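Peer 1:
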Amino acid sequence: MQNIVIVGGGVSGLLAAKMVARNNANAKVSLVEQSDRLGGLYTSFNTDGHGWLDYGMHMFVTCCDPEIDRYLEDVLPEDQWHRRSDNEKDIAGIYWHGALQKHSPFPDLRRLPAEELASMREGLMGVVQNDPAKDYSNAKNYLRSHFGSEVASKVMTPLLEKLCGMPADQLDYFATRLGNISRVVLCDEEEALRGSLESASFRSRIAYPDQMKMPEEFRTNNKSQATLYPRRFGLVHFIDALEKQLQDLGVEIYRATKPVRMHVEEGRVCEMTCLSNNGEIVFDKIDHLFWSAGLAPFAQVAALDTSDVERPHFSKGVTVFFKLPQPPLMGRLNYFYCFDKGFDTFRVTSFASYCEAAGSDEGGYPVSVELWPEEIEEDKDYIAQAWNELVAFGVVDDSHKNVLYKHAIVSARALVPSLHNMDQVNRLRDVVQSANYKNAHCIGVFSEKDVFFFPDILRGCYQKVKAAGLI
Ligand SMILES: Cc1cc2nc3c(=O)[nH]c(=O)nc-3n(C[C@H](O)[C@H](O)[C@H](O)COP(=O)(O)OP(=O)(O)OC[C@H]3O[C@@H](n4cnc5c(N)ncnc54)[C@H](O)[C@@H]3O)c2cc1C
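If you read the sequence shown in the numbering used here, its first letter stands for residue 766, the second for the next number, and so on.
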């Protein structure tokens, strides 16, 4: 019988456990999670009388390989999913240039004064034609090589700096992926379609002007991609169903349990000691270890030498929730990013836009405002701040005044993708990989370069479980 230990009970660890257990009926699979709840970032909190709420916008995006996606999809019966594809898949907007833009999540340059637009258009079309090599040295240079100097300096660099709270020449190019800062709207439908069919360079920079009317020909990537969200509101329903599947497959789950050291022999992790409320738990005779709890904790538990690596800095944010008596004034938008200076809002989510039950089951229409302030101030009234920003966006008005529920929580915020932080992450990965433990496999966020978003994480888990000979 094989002994498989999985560390981390977020979606990576849970889905990896399912992949292993389903394909190895005789294996003993143990999953260790440091907190007392499963799901990591992809779960919900109970509002005590007002139902469940998720920690901001999180949907599952399929990775377009049916063999891999089934581990996600069959967590719930098909009729318990909201499944969306094509133009309905991910309806996003932006607050940019003083207005909430609902037709596209990319800055619509047609909203700029005619002269400015003409000059930007000329520069951008020059870049489209020449399609210069990308400069990945930092986000500022990347944006310049992708959009040309004028669009980069006047439009894209300022909005990226607002999003990340630091100068773009100190940011890794990866920062541009966090807010999807890859395209602009420049022209009408006909020209966009013609240009895109003629040139991949055009397609990679110019967005279709109306996301809801985008024809299939325009969708060059991921034609079969879908988003999934449980029909019952709250990702917790997905996590509970997945936990039940794991239990049925015989996976042993250890909550509130944290690895403290591992013992390595002949390049293999053979034993791992964990601390729980009931004392030490020792997993021995380990055949495979899958680690989804981050590179730094792995290096620490494995006692690897990280003396010349700084721990990457994770900032905190504040997520403020409101239950509104009326739907927010966001049209069909599931969420929007705020790209204008003067606001701390990173993203606003209207949950009922992608999960009908959110607006009916529990009473009221839930909205979350993810604030990314420079520093968290303990006594600050973030609820008032979030509300004022919603008013300024035009998302709430007098009809929303009788808020049914409001709550603020300090929340995880994505790693600030500065050059320094990403360099430390890459160095940590080098340290972990050079230890070359044959039976230890890192999965999850940043386990490999640029692995961050869910589809890459799901694919990465599958590939590592398969490479270990367990699928
Ligand atoms: C603010 C933010 C927003 C994001 N938004 C998106 C998005 O919109 N779309 C998207 O696709 N991706 C998004 N991501 C990426 C997202 O984190 C991943 O897609 C997904 O959550 C990864 O799951 P995971 O299991 O790898 O990590 P996590 O969800 O972080 O789970 C890790 C688990 O490991 C546990 N753990 C940590 N240390 C230890 C330890 N020492 N011992 C035992 N257990 C431990 C944690 O408690 C946690 O349960 C976002 C990330 C952040 C931080």
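Here a beta-carbon is modelled for each residue, glycine too, at the ideal position from N, C-alpha and C.
Every value quoted in this text rests on a predicted model; they were computed, and no experiment measured them.
Would you mind stating whether Phe825 and Thr1071 have Cβ atoms separated by less than 8 angstroms?
Peer 2: No, the pair does not count as a contact, with Cβ atoms beyond the cut-off.
Peer 1: Return the CA-CA distance between Ile1051 and Val794, expressed in angstroms with no decimal places.
Peer 2: Using only the alpha carbons, I get a separation of about 10 angstroms.
Peer 1: Near Leu1184, what residues of its chain come up, given a Cβ to Cβ distance below 7 angstroms and the 5 sequence neighbours on each side ignored?
Peer 2: Asn903, Gln935, Leu936 and Asp937, listed in sequence order.
Peer 1: Identify every residue that forms a DSSP beta bridge with Thr992.
Peer 2: Val826 and Arg849.
Peer 1: Here's the rule I'm using: 16 or more other beta-carbon atoms within 10 Å means buried, otherwise exposed. How should Glu982 be labelled?
Peer 2: So Glu982 counts as exposed.
Peer 1: For Asn789 and Ala972, what's the separation of their Cα atoms in angstroms?
Peer 2: Rounded to the nearest angstrom, the two C-alpha atoms are 45 angstroms apart.
Peer 1: Look at the Cβ atom of Met1027, then the Cβ atom of Glu1036, and state whether they are nearer than 8 angstroms.
Peer 2: Yes, these two residues count as a Cβ contact at 8 angstroms.
Peer 1: Just to confirm the assignment: which complete beta strand (DSSP E) runs, minimum length 3, are found wholly within the region 1008-1067?
Peer 2: Counting only runs of 3 or more, we get 1017-1019, 1022-1030, 1033-1041, 1044-1048 and 1053-1056.
Peer 1: Name the DSSP bridge partner or partners of Arg1112?
Peer 2: Note: Arg1112 sits in a beta bridge opposite Tyr1102 and Glu1135.
Peer 1: From Gln990 to Pro1220, what does the alpha carbon distance come to, in whole angstroms?
Peer 2: So the alpha carbons of these two residues sit roughly 10 angstroms apart.
Peer 1: Run the CB neighbour count on Tyr901, radius 10 Å, all protein chains shown included, and call it buried at 16 or more, exposed below.
Peer 2: Exposed, because fewer than 16 other Cβ atoms sit within 10 Å of the Cβ of Tyr901.
Peer 1: Using only alpha-carbon positions, find the residue among Gly930, Asn895 and Leu889 that is nearest to Ala917.
Peer 2: Comparing Cα-Cα distances from Ala917 to each of Gly930, Asn895 and Leu889, the minimum goes to Leu889.
Peer 1: Decide yes or no for the touch test of the region 1162-1171 against the region 1029-1045: beta carbon pairs closer than 8 angstroms, at least 3 of them.
Peer 2: Not touching, per the Cβ criterion.
Peer 1: So Ala1173 is in the alpha helix (DSSP H); what residue range does that whole segment cover?
Peer 2: That residue, Ala1173, is in no alpha helix (DSSP H); its beta strand (DSSP E) goes Tyr1170 to Ala1177.
Peer 1: Who are the near neighbours of Ser1041 in its chain, counting only those whose CB is closer than 7 angstroms to its CB and skipping five residues on each side?
Peer 2: Same-chain partners within the cutoff: Tyr1019, Ala1021 and Thr1022.
Peer 1: Anyone know if the C-beta pair for Ala1157 and Leu1136 falls short of 8 angstroms?
Peer 2: No, the pair does not count as a contact, with Cβ atoms beyond the cut-off.
Peer 1: Anyone know if the C-beta pair for Tyr1119 and Asn1099 falls short of 8 angstroms?
Peer 2: It is a contact, given that the beta carbons lie within the stated cut-off.
Peer 1: Could you give the DSSP three-state label for Phe912: helix, strand or coil?
Peer 2: Looking at Phe912 - three-state DSSP - the assignment turns out to be helix.
Peer 1: Put Asn811 into one of helix, strand or coil per three-state DSSP.
Peer 2: Correct three-state label for Asn811: strand.
Peer 1: Are the region 955-975 and the region 1204-1220 touching, with three or more C-beta to C-beta distances below 8 angstroms?
Peer 2: Touching, no, given that fewer than three Cβ pairs across the two stretches are closer than 8 angstroms.
Peer 1: Opposite Trp817 in the DSSP bridges: which residues?
Peer 2: According to DSSP, Trp817 bridges with Asn811.
Peer 1: Can Pro1062 be considered in contact with ligand 1, in the sense that its beta carbon sits closer than 7 angstroms to one or more heavy atoms?
Peer 2: Pro1062: yes, Cβ under 7 angstroms from ligand 1.
Peer 1: I'd like the span of the beta strand (DSSP E) that includes Tyr860, first residue to last.
Peer 2: From DSSP, the beta strand (DSSP E) with Tyr860 extends over Ala857 to Trp861.
Peer 1: Looking only at its own chain, which residues have a Cβ that is under 6 angstroms from the Cβ of Tyr994, when we skip the five neighbours before and after it?
Peer 2: Answer for Tyr994: Met824, His847, Tyr1119 and Cys1120, listed in chain order.
Peer 1: Please state whether the Cβ-Cβ distance between Phe871 and Val892 is less than 8 angstroms.
Peer 2: Going by C-beta atoms, Phe871 is not nearer than 8 angstroms to Val892.
Peer 1: In whole angstroms, what is the alpha-carbon distance linking Gln1012 and Ala1006?
Peer 2: Answer to the nearest angstrom: the Cα atoms are 10 angstroms apart.
Peer 1: Across the region 1191-1207 and the region 1176-1183, are there enough close Cβ pairs to call them in contact, namely three or more that are closer than 8 angstroms?
Peer 2: Flag = no, the region 1191-1207 and the region 1176-1183 do not touch.
Peer 1: Keeping to the same chain, check which residues put their C-beta closer than 6 angstroms to that of Leu908; ignore five residues upstream and five downstream.
Peer 2: Cβ within range, chain order: Ala917, Met921 and Thr922.
Peer 1: State whether the region 1077-1085 contacts the region 1136-1145, with contact taken as three or more CB pairs (one from each stretch) at a distance under 8 angstroms.
Peer 2: These segments touch.
Peer 1: Would the beta-carbon of Glu1017 be found less than 7 angstroms away from any heavy atom of ligand 1?
Peer 2: It does not: the Cβ of Glu1017 is nowhere closer than 7 angstroms to a heavy atom of ligand 1.
Peer 1: Could you pull out every residue in the same chain whose Cβ sits closer than 6 angstroms to the Cβ of Met977, ignoring the five residues on either side in sequence?
Peer 2: Hits under 6 angstroms: Asn852.
Peer 1: Can you tell which of Asn1191, Asn768, Leu1000 and Ala883 has its C-alpha closest to the C-alpha of Phe1116?
Peer 2: Of the listed residues, the one whose Cα sits closest to Phe1116 is Leu1000.
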